[in-house]
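The next block holds one structure in the form of structure tokens; read it before the comments.
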Amino acid sequence: MTALLPSLRDRISQSRMSQAQGEPDGADTQPGPDGPASPETDPKKAARRKVLRERFLTWLPLVLVLVGVAVLLYPVMATQHNNDEQQRLAKMYTATVNSAGPETIAKERASAETYNNNLESAPILDPWLESQRPDTPQYQAYLHEMDIDPVMARIVIPSIHVSLPIYHGTDSRTLTEGVGHLFGTSLPIGGPSTHSVLTGHTGLSTATMFDNLNQLKKGDVFYVSSLGQTLKYEVNDITVVKPEETDSLRKVPGRDLVTLITCTPYGVNSHRLLVTGERVPMDPTAAAAEEAKALPAPMQTWMKAIIVAVVIILAVVVGILVRLWWTRRRRSRGAAGRAVKGSAAREAGRGDVRSDALSEGRGDDLPDDGARERWPGRPLQDVVGSAGAAGAAVADAQFTDDTSELEVISPSGAAGQSAGSDVSQDPQAAPVEQSAPRTASPYGPITPAAGGQGEDPFSDLKARES
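Per my numbering, the sequence shown starts with residue 446, numbered consecutively.
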């Protein structure tokens, strides 16, 4: 009975462990002996929160880097998109004018020439001083000139890859969409004694506009297309003035001039850059080839710098991710290898422990592998060998063979002869010296009944069964 207690304790503990492991998730919130389980103390939820926190901290830097990259790329993408859109609108203006018909174009041209001839006393104002009132009758009449399309004209500057639509007025909304025509100056249709002023922004974060106007030099040319006619102008004057200095924008008798205005210096905008061109003869074939050079507009230097920085950042991020992946993979492989080696070492150590225990007679200290239930009362070192469960099976078979031949032990302790021994068969043989009793049975020595040494010890049991 005493030999069964360790096995019973083991089975009870294993049963409790299996029940604890097999509890459903809902059992975590069931009230226990000390009250309902708290989510803060739930080990499963705590482990889940830990995993989520580790994942969050792992991916947060990557998300922040991607957001930063998007912020850096936004001006580049927006500028390219707006430049393409402005070039598309400029091309559409040419198509719209060509489809308007010669009578409509002639009527619009005559009205524009009349308007230019009546500008003798009109004031010239700085386009960024907000001094022009669009609600005046003069301004409303101006808006109806050259209104076949919302775009009144088109300007092309091949040397700096500019192709932009020209709109009425110079308000802030107009200047974010294209080039504005300064109210109070000649309409851009050309002719003697005309001076048209075209204004464009510099430094917009979402469009190029006149950013590169400071790169023009004397002798460069630009083209203005309006009402089905293309005019060629050659740069002959480049000056920087204060905003209130507008005298150079007035008409010059007998000359056909166009002045391009933008703010300068870049980002400061305290002065105005004036680039003036005078009309020169034009070869239509050469003009078409020159206009083709303006498309498409190349990327600006600052745009290239941002793209290079983004590429470097992404390369660094990819390198870090690859390094982390490789490190985790190497660690997982090392952990798997250590687990395999540790399992093998534990098995080897288990065999060594069993061998040592068997050699020292400490069989009860060994894991029984179920042998206690199969052979209760038998010393465990007789059942469990160093081979684990296989050794237990071999020991079971050997024990079965050993117990098939039971010895009858005399009351005095001397070993008797078995019923089928060779001594009984050969009376002439020499008497065999009696030896110590053999403990083949796990139940100890078997004492014969009162009938004598050769009497069957199980006769009383057989009589009861019969």
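C-beta atoms are modelled at their ideal positions from N, C-alpha and C, and glycine is treated no differently.
Rounded to the nearest whole angstrom, the C-alpha separation of residue 734 and residue 686 is 34 Å.
Between the beta-carbon of residue 620 and that of residue 531 there is about 12 Å, and that puts the pair past the 8 Å contact cut.
Inclusion of residue 722 and residue 638 in the CB contact set at 7 Å is not warranted, their separation being larger than that value. The beta-bridge partner set that DSSP reports for residue 644 consists of 625, 706. In this model, residue 509 and residue 495 are separated by some 21 Å (Cα to Cα).
Distance from the Cα of residue 663 is smallest, within the candidate group 684, 655, 741, 671, for 684. Note on geometry: alpha-carbon atoms of residue 606 and residue 660 lie some 11 Å from one another.
Judged by DSSP in its simplified three-state form, residue 679 adopts strand. No alpha helix (DSSP H) of 4 residues or more sits fully in the stretch 654-700. Membership of residue 721 in the beta strand (DSSP E) is indicated by the continuous run 716-725. In the DSSP secondary-structure assignment, residue 601 is bridged to 608, 668. Per DSSP, residue 529 is one residue of the alpha helix (DSSP H) stretching across 488-543. In this structure residue 522 is exposed. Its beta-carbon is surrounded by fewer than 16 other beta-carbon atoms within 10 angstroms.
Judged by beta-carbon spacing, residue 541 lies within the 7 Å limit of residue 594, meaning their Cβ atoms are closer than that value.
Residue burial is scored here from C-beta neighbours: residue 489 has fewer than 16 other C-beta atoms within 10 angstroms and is therefore classed as exposed.
Across the set 781, 703, 677, 711, the C-alpha of 677 shows the shortest separation from the C-alpha of residue 730.
Contact check for residue 597 against residue 557 fails: the beta carbons are separated by 7 Å or more.
The beta carbon of residue 671 sits closer than 6 Å to the beta carbons of 598, 633, 634 from its chain, once the five residues preceding and following it are set aside; these are given in chain order. Excluding sequence positions up to five before and after residue 754, its CB lies less than 6 Å from no other CB in the same chain.
Under the Cβ criterion (8 Å, minimum of three pairs), the stretch 643-662 counts as touching the stretch 708-720.
Taking C-beta atoms under 8 Å as the contact rule, residue 644 and residue 629 fail to qualify, at a distance of about 12 Å.
Listed in chain order, the non-local C-beta contacts of residue 708 below 6 Å within the same chain comprise 647, 714, local neighbours out to five positions each way being set aside. Secondary structure at residue 639: strand, using DSSP grouped into helix, strand and coil. DSSP places residue 560 inside the alpha helix (DSSP H), whose first and last residues are 547-562. According to DSSP, residue pairing for residue 613 in a beta bridge involves 626. When the five nearest sequence neighbours on each side are left out, the beta carbons in the same chain lying within less than 6 Å of the beta carbon of residue 602 are those of 667, in order along the chain. Annotated three-state conformation of residue 754 is helix, per DSSP. In this structure residue 543 is not in contact with residue 631, their Cβ atoms being roughly 24 Å apart against a cut-off of 8 Å. Listed in chain order, the non-local C-beta contacts of residue 651 below 7 Å within the same chain comprise 520, 523, 524, 527, local neighbours out to five positions each way being set aside. The C-beta of residue 680 has 16 or more other C-beta atoms within 10 Å across all chains shown, which makes the residue buried. Contact check for residue 514 and residue 600: beta-carbon distance about 35 Å, past the 8 Å limit, so the pair fails to qualify.
Shortest Cα-Cα distance from residue 553 to any of 765, 538, 518, 589 involves 589. Excluding the 5 residues flanking it on each side, residue 725 has same chain C-beta neighbours closer than 6 Å at 677, 679, in chain order. In this structure, residue 517 and residue 751 form a Cβ contact; the two beta carbons are roughly 5 Å apart against a cut-off of 8 Å. Between residue 636 and residue 701 the beta-carbon gap is near 6 Å, inside 8 Å, which marks them as a contact.
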